[in-house]
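Peer 1:
2 protein chains.
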Amino acid sequence: MKTKTAGVVALLATILIAMACNTAQKSSAEAVLENIRTRTSIRQYTSEPLKEAEIETLLKAGMAAPSGKNTQPWSFVVVTDSETRTSLVTKGVNRMYAEAPCLIVVCGETTMLRRPADAPADAPEEEMPNPNWSIDCSAATENILLAAHALGLGAVWTACWPYEDRYAPVKDILGIPEKIMPLAIIPVGHPAEFPVPKDKWKPERIHRERW
Amino acid sequence: MKTKTAGVVALLATILIAMACNTAQKSSAEAVLENIRTRTSIRQYTSEPLKEAEIETLLKAGMAAPSGKNTQPWSFVVVTDSETRTSLVTKGVNRMYAEAPCLIVVCGETTMLRRPADAPADAPEEEMPNPNWSIDCSAATENILLAAHALGLGAVWTACWPYEDRYAPVKDILGIPEKIMPLAIIPVGHPAEFPVPKDKWKPERIHRERW
Numbered sequence: 522m523k524t525k526t527a528g529v530v531a532l533l534a535t536i537l538i539a540m541a542c543n544t545a546q547k548s549s550a551e552a553v554l555e556n557i558r559t560r561t562s563i564r565q566y567t568s569e570p571l572k573e574a575e576i577e578t579l580l581k582a583g584m585a586a587p588s589g590k591n592t593q594p595w596s597f598v599v600v601t602d603s604e605t606r607t608s609l610v611t612k613g614v615n616r617m618y619a620e621a622p623c624l625i626v627v628c629g630e631t632t633m634l635r636r637p638a639d640a641p642a643d644a645p646e647e648e649m650p651n652p653n654w655s656i657d658c659s660a661a662t663e664n665i666l667l668a669a670h671a672l673g674l675g676a677v678w679t680a681c682w683p684y685e686d687r688y689a690p691v692k693d694i695l696g697i698p699e700k701i702m703p704l705a706i707i708p709v710g711h712p713a714e715f716p717v718p719k720d721k722w723k724p725e726r727i728h729r730e731r732w
Numbered sequence: 522m523k524t525k526t527a528g529v530v531a532l533l534a535t536i537l538i539a540m541a542c543n544t545a546q547k548s549s550a551e552a553v554l555e556n557i558r559t560r561t562s563i564r565q566y567t568s569e570p571l572k573e574a575e576i577e578t579l580l581k582a583g584m585a586a587p588s589g590k591n592t593q594p595w596s597f598v599v600v601t602d603s604e605t606r607t608s609l610v611t612k613g614v615n616r617m618y619a620e621a622p623c624l625i626v627v628c629g630e631t632t633m634l635r636r637p638a639d640a641p642a643d644a645p646e647e648e649m650p651n652p653n654w655s656i657d658c659s660a661a662t663e664n665i666l667l668a669a670h671a672l673g674l675g676a677v678w679t680a681c682w683p684y685e686d687r688y689a690p691v692k693d694i695l696g697i698p699e700k701i702m703p704l705a706i707i708p709v710g711h712p713a714e715f716p717v718p719k720d721k722w723k724p725e726r727i728h729r730e731r732w
């Protein structure tokens, strides 16, 4: 009888564990979709710094983005120094730069080596504008925001390019080379606010087969 | 004794379930990061069409993207009609348009209503260029690619804007209004190829504190 009871309990336990594992498996896709759905801009942070491993995870996510012809035109400046962060605050906007323990400045290489369109196949490559750099760097920025949310961190996309009054001081303060353009600054920290994500679903924005 | 054994087994079961749940919880972040890491461009699809629910999930992910001043400048044209898809193939490139069961054309509103910079506070808003539309629509495109991968679908980002030879025929064929610009076309289907994701991790692209 003892063995029988133990057997029944073990069976029940096995079923429950199997159910838990099944939920876990199913929720892999759901976890991704929920993370996309619930990510929202966080502009208030605690003073707790980010761990190096967290910063690396965010940058890995950024570099996993797709890019036109796989050019990967991105670079990142990670700023944790309080004085530098504070100096990036312009005109009282973007106080988050001073308050977030970490900033990730997403930069793009605005030129690329390629053969001019009408040149013969054996012509040398020349340095030409990369028309796709801001698009590719935007995908990288979104990946970082999604990864931050997954880690329980709070972040917000603040724009640099194409606003000269924003990118010019950033280039100057961080010593960013001429051909490199900061697209966005992402303040990241542990959230000190928990806003409800906006519901942005608008079926009227969907057209079928043609506009 | 019977009760005691059952108690021990129940305790063990509880511990195992708790461990399973903990793994499930932990893997929620890991699922997101792995999805970002393993997403890759898929250019070969089976003939199986997408379910309506899948299309809606992809569009919901797109509309969940962040946007400058929350303008949400995106609209989407979903094309499943084979003839329309085939007509979008230009110069033999982008054969995926004909082969994927579904195309999502990510479009952006290139203008927005706002008050001119130097106008008084009570001045009426005017239709002005939206400098952020392509950035916002890029974030929406990346969200759709990540959601597709999470659902086990295959997709690839193909560029329209800023390449006139690509966006002009798309606008023409789909009847897209003058002020709306197609940024990208995403062919989506069930994958018929399983390429290994590229490792794009480049620590040399990271700068600390300044460039």
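Residue numbers (this note's numbering), protein chains in the order written: chain C, 522 to 732; chain W, 522 to 732. The beta carbon of each residue, even a glycine, is placed where N, CA and C say it ideally should be. Being a predicted model, the structure only gives us computed values, none of them experimental.
1) Note down, in chain order, every chain W residue with its Cβ under 8 Å from the Cβ of residue 663 of chain C.
2) Classify residue 722 of chain W: buried if its beta carbon has 16 or more other beta carbons within 10 angstroms, exposed otherwise.
3) Looking only at C-alpha atoms, which of W:605, W:587, W:709 and W:601 sits nearest to residue 691 of chain W?
4) Quick one: what does DSSP say residue 684 of chain W is sitting in, helix, strand or coil?
5) Check each candidate in W:631, W:715, W:731 and W:602 and name the one with the smallest Cα separation from residue 565 of chain W.
6) Using a beta-carbon distance below 9 Å, is residue 696 of chain C in contact with chain W?
7) Is the number of C-beta pairs between the stretch 566-577 of chain C and the stretch 678-687 of chain C that are closer than 8 Å three or more?
8) Buried or exposed: residue 672 of chain W, going by 16 or more other Cβ atoms within 10 Å of its Cβ?
9) Could you name the residues of the same chain whose beta carbon sits closer than 8 Å to that of residue 611 of chain W, not counting the 5 residues immediately before and after it, in chain order?
10) Given residue 546 of chain C, which residues of its chain have a CB within under 6 Å of its CB, disregarding the five upstream and five downstream residues?
11) So is residue 557 of chain W in contact with chain C if we call contact Cβ pairs under 9 Å?
12) Applying the criterion that 16 or more other CB atoms from any shown protein chain within 10 Å of the CB defines a buried residue, is residue 698 of chain W buried or exposed?
13) CB residue 680 of chain C to CB residue 626 of chain C, shorter than 9 Å?
14) Rounded to a whole number of angstroms, what is the C-alpha to C-alpha distance between residue 589 of chain C and residue 619 of chain C?
15) Establish whether the CB of residue 732 of chain C and some CB of chain W are separated by less than 9 Å.
16) Residues of chain W with CB under 8 Å from residue 652 of chain C, in chain order?
17) Using the C-alpha atoms, what's the distance from residue 613 of chain W back to residue 603 of chain C?
18) When the Cα of residue 560 of chain C is compared with those of W:584, W:639 and W:634, which residue comes out closest?
19) Can you round the beta-carbon distance between residue 635 of chain C and residue 617 of chain C to whole angstroms, since I take them to be within the 8 Å contact cut?
20) Taking a contact to mean a Cβ-Cβ separation below 9 Å, would you say residue 587 of chain W touches residue 609 of chain C in this structure?
21) Can you name, in chain order, every residue of its own chain whose Cβ lies under 7 Å from the Cβ of residue 567 of chain C, other than the five neighbours on each side?
22) List the whole-angstrom C-beta distance separating residue 624 of chain C from residue 707 of chain C, where the pair is believed to meet the contact cut-off of C-beta under 8 Å.
23) Quick check on DSSP: helix, strand or coil for residue 526 of chain W?
24) Any idea which residues DSSP pairs residue 596 of chain W with across the strands?
25) Note the first and the last residue of the continuous alpha helix (DSSP H) segment covering residue 604 of chain C.
26) Between W:726, W:655, W:526 and W:664, which has its C-alpha nearest residue 558 of chain C's C-alpha?
Peer 2: Taking the structure as given:
1) As a working note, residue 663 of chain C is residue 142 in the first sequence. 586, 587, 659, 660, 663 and 664, listed in chain order.
2) Your numbering for residue 722 of chain W matches position 201 in the second sequence. The residue is exposed, with fewer than 16 neighbouring Cβ atoms inside 10 Å.
3) Position 170 of the second sequence, counted from the start, is the residue given in the question as residue 691 of chain W. The shortest Cα separation from residue 691 of chain W among W:605, W:587, W:709 and W:601 belongs to W:605.
4) As a first step, residue 684 of chain W must be located in the second sequence, where it is residue number 163. Coil at residue 684 of chain W, not helix or strand.
5) Mapped onto the second sequence, residue 565 of chain W falls at position 44. The candidate whose alpha carbon is nearest that of residue 565 of chain W is W:715.
6) Within the first sequence, the letter at position 175 stands for residue 696 of chain C. So, interface residue.
7) no
8) Within the second sequence, numbered from 1, the residue matching residue 672 of chain W stands at position 151. Counting Cβ neighbours within 10 Å, residue 672 of chain W comes out buried, since at least 16 surround it.
9) Sequence index remark: in the second sequence, residue 611 of chain W carries index 90 (1-based). Only 686, 687 and 690 meet the Cβ criterion.
10) Here residue 546 of chain C corresponds to residue number 25 of the first sequence, with the count starting at 1. Confidence at residue 546 of chain C is low in this model, with a pLDDT of 48, below 50, so its placement is unreliable and no value can be given for it.
11) Along the second sequence, one-based indexing puts residue 557 of chain W at 36. With 9 Å as the cut-off, residue 557 of chain W counts as an interface residue toward chain C.
12) Position 177 of the second sequence, counted from the first residue, corresponds to residue 698 of chain W. Exposed, because fewer than 16 other Cβ atoms sit within 10 Å of the Cβ of residue 698 of chain W.
13) Start at 1 with the first residue of the first sequence, and residue 680 of chain C comes out as number 159. Start at 1 with the first residue of the first sequence, and residue 626 of chain C comes out as number 105. Cβ distance not < 9 Å, so residue 680 of chain C and residue 626 of chain C don't count as in contact.
14) In the first sequence, counting from the first residue as 1, residue 589 of chain C sits at position 68. In the first sequence, counting from the first residue as 1, residue 619 of chain C sits at position 98. Using only the alpha carbons, I get a separation of about 34 Å.
15) If you number the first sequence from 1, residue 732 of chain C lands on position 211. Yes - at least one Cβ of chain W is within 9 Å of the one on residue 732 of chain C.
16) Here residue 652 of chain C corresponds to residue number 131 of the first sequence, with the count starting at 1. Simply 683 and 684.
17) As a position in the first sequence, residue 603 of chain C is number 82, starting the count at 1. As a position in the second sequence, residue 613 of chain W is number 92, starting the count at 1. Those two C-alpha atoms are separated by around 53 Å.
18) The residue labelled residue 560 of chain C in the question sits at position 39 within the first sequence. Of the candidates W:584, W:639 and W:634, the one whose C-alpha sits nearest the C-alpha of residue 560 of chain C is W:584.
19) Walking along the first sequence from the start, residue 635 of chain C turns up at place 114. Walking along the first sequence from the start, residue 617 of chain C turns up at place 96. That pair is no contact at about 37 Å.
20) The residue labelled residue 587 of chain W in the question sits at position 66 within the second sequence. The residue labelled residue 609 of chain C in the question sits at position 88 within the first sequence. No, the pair does not count as a contact, with Cβ atoms beyond the cut-off.
21) Position 46 of the first sequence, counted from the first residue, corresponds to residue 567 of chain C. The answer, listed in chain order, is 710, 711 and 713.
22) Position 103 of the first sequence, counted from the start, is the residue given in the question as residue 624 of chain C. Position 186 of the first sequence, counted from the start, is the residue given in the question as residue 707 of chain C. Right, the Cβ-Cβ distance comes to about 7 Å (below 8 Å), so this counts as a contact.
23) Mapped onto the second sequence, residue 526 of chain W falls at position 5. Three-state result, residue 526 of chain W: helix.
24) As a working note, residue 596 of chain W is residue 75 in the second sequence. Looking at the DSSP assignment, residue 596 of chain W forms a beta bridge with W:628.
25) For this step, residue 604 of chain C is matched to residue 83 along the first sequence. Segment 603-608, the alpha helix (DSSP H) holding residue 604 of chain C.
26) Position 37 of the first sequence, counted from the first residue, corresponds to residue 558 of chain C. Considering only W:726, W:655, W:526 and W:664, the residue with the shortest C-alpha distance to residue 558 of chain C is W:664.
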